[in-house]
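J.:
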Amino acid sequence: MKRKFIWILFLLLFLLHQDFWWWENADLILGFMPVGLAYHAAFSIACACLGGLAIKYAWPNDLEEFAEEER
0 MKRKFIWILF
10 LLLFLLHQDF
20 WWWENADLIL
30 GFMPVGLAYH
40 AAFSIACACL
50 GGLAIKYAWP
60 NDLEEFAEEE
70 R
């Protein structure tokens with residue numbers, strides 16, 4: 000179930016990466032950052048969090064056991 004949830008989050012982020020809805024918006028966030036750039040900064044943080052979740056909950060333990068046996 001955890002791996003399936005990680006895959007669903009991955010697909011959701013894949014779809015959200017195509018941020019065509021911000022292309023025409025010239026507003027500034029915090030007075031200096033274009034909204035599209037702020038969106039991608041938040042998106043990058045979300046991707047990093049997803050990577051951490053994938054490593055913690057969906058990493059195949061049998062690969063690590065196999066690598067430890069070879070030593």
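Taking numbering that gives the first Met the number 0, the leading residue of the sequence shown gets 0, the next gets one more, and so forth. We treat Cβ as the ideally placed atom computed from N, Cα and C, and that holds for glycine.
Measuring CA to CA, which of 5, 6, 0, 35 is closest to residue 16?
T.: 35
J.: In its own chain, which residues sit with a C-beta less than 6 angstroms from the C-beta of residue 38, not counting the 5 before and 5 after it?
T.: Same-chain partners within the cutoff: 18, 21.
J.: Could you check the C-alpha separation between residue 43 and residue 60 for me, to the nearest Å?
T.: 27 angstroms
J.: Please state the DSSP three-state secondary structure of residue 29.
T.: coil
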